[in-house]
Amino acid sequence: MTAPRTDWSRQEVAAIYTLPVFELLHRAQSVHRKHFQPGEIQVSTLLSIKTGGCPEDCGYCAQSAHHHTDVKAEKLLPLATVVARARQAQAGGATRFCMGAAWRQARAGGEFEQVLAMVRAVSGLGLETCCTLGMLTEEQARRLKAAGLHAYNHNIDSAEEFYGHVVTTRTYAERLATIAAVRKAGITVCTGGILGMGESEAHRVGLLHRLATFDPQPESVTVNMLVPIKGTPMADQPPVSPIVVARVIATARVLMPRALVRLSAGRTQLSPEAHLLCFYAGANSIFAGERLLTAPNPERDADAKLFENLGLKAMPRDTRTADAGGLGGAAAEG
Ligand code: SAM
Ligand code: DTB
Ligand code: SF4
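In our numbering, the protein residues as written are 10 to 343.
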């Protein structure tokens, strides 16, 4: 099978994004069926291992020390707590466990050693591990890989020209440098953005274009809907339409046929019908469990009912590796 195209122009991406919706959904569903088992959804669980007090000023985030939110700064969780939560997630059917820290960049020294121990322990349970710790050096990425890390999440959030409206304490180029370090270390790349921050349709196209032109493309793409947080500059943004979310997902599926497309934050705003639309458009991964990092997520019972009603089942572990260009993968191929 030939590798997916990575030389899309912004005009080509816009042309797909603005197709009549049935045409777009049909294309996305056809691509999806060539690469994945229809109706198989990867189930991931998130744990905030270090909550709040973050020095970055991301305008959407409950954990930024720049905003007055209800989230209090906490210390790094102990290893035993993290392992207990990973076991619970595994018992609940999750195959991927993602650990998030409210850091600008992964810490040097003792705290980083503790995170490495968490990655070793969680991988040892047979779970796929993912971390999102802020910016990484190449050396830190290498050490995470050696500890058994499968994926690293680092979002670009939006188009480059909108990034200054999202955060002022770091640049888009810094984001890209961390993604490059992750790729170089042989860890699979998980990146994506947030819809509903006040961005335009052109910015959404810009986000999709940037994601699809990574070479190689990311193994996982996260599509978050803004969870409006009281006390942040984005608290009063109106909710994004599920039709926009479905268009973004379908375009991502057409452009990045082999990526897991994760319907991430904001699912509590989506009806079962809107979920159905997003899965039909090509989303094939979710976060399960009542909490994301700090924000609420649908209850397990509601997701179980949704899976039953739609005839969805959990995807087995992702066996792709970044070393194989992220393209090997028996499990994910349909
Ligand atoms: N501090 C690290 C970083 O920023 O890379 C890791 C944790 S951070 C909370 C992970 C991602 O969650 C962000 O990049 C952002 O895309 C997403 N996110 C954070 N707050 C959100 C919100 N209120 N609504 C939707 N997505 C959000
Ligand atoms: C991603 O793209 N979404 C997740 C994960 N990566 C780390 C985080 C969502 C956070 C939602 C807001 C919160 O829980 O505070
Ligand atoms: Fe910090 Fe990450 Fe929140 Fe930005 S998104 S404020 S870097 S925790």
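Note that beta-carbon positions come from the ideal geometry of N, C-alpha and C, so glycine has one too.
- By the neighbour-count criterion, in which 16 or more other beta carbons inside 10 Å mark a residue as buried, K59 falls on the buried side.
- Judged by DSSP secondary structure, L56 falls outside any alpha helix (DSSP H) and instead within the beta strand (DSSP E) spanning 49 to 59.
- Going by DSSP, A110 is part of no alpha helix (DSSP H) but of the beta strand (DSSP E) stretching over 105 to 110.
- L55 is a Cβ neighbour of L301, given a cutoff of 8 Å.
- For T27, there is no enclosing beta strand (DSSP E), since its DSSP letter is neither H nor E.
- Straight-line measurement puts the Cα of A74 at about 42 Å from the Cα of P47.
- Spatial neighbours of A323 in its own chain (CB-CB distance under 6 Å, excluding positions within 5 residues in sequence) are listed in chain order as V52, G102.
- Checking the DSSP bridge columns, you'll see Q114 partnered with M144.
- A straight-line Cα-Cα distance of about 14 Å links E228 and L272.
- Here the distance from the Cβ of N233 to the nearest heavy atom of the ligand DTB is below 7 Å.
- Going down the chain, each residue whose beta-carbon is closer than 5 Å to a heavy atom of the ligand SF4 shows up: C63, E65, C67, C70, Q72, S73, A111.
- DSSP, read as helix, strand or coil, puts E308 in coil.
- Proximity of the stretch 308 to 325 to the stretch 116 to 124 falls short of the contact definition, fewer than three beta-carbon pairs being nearer than 8 Å.
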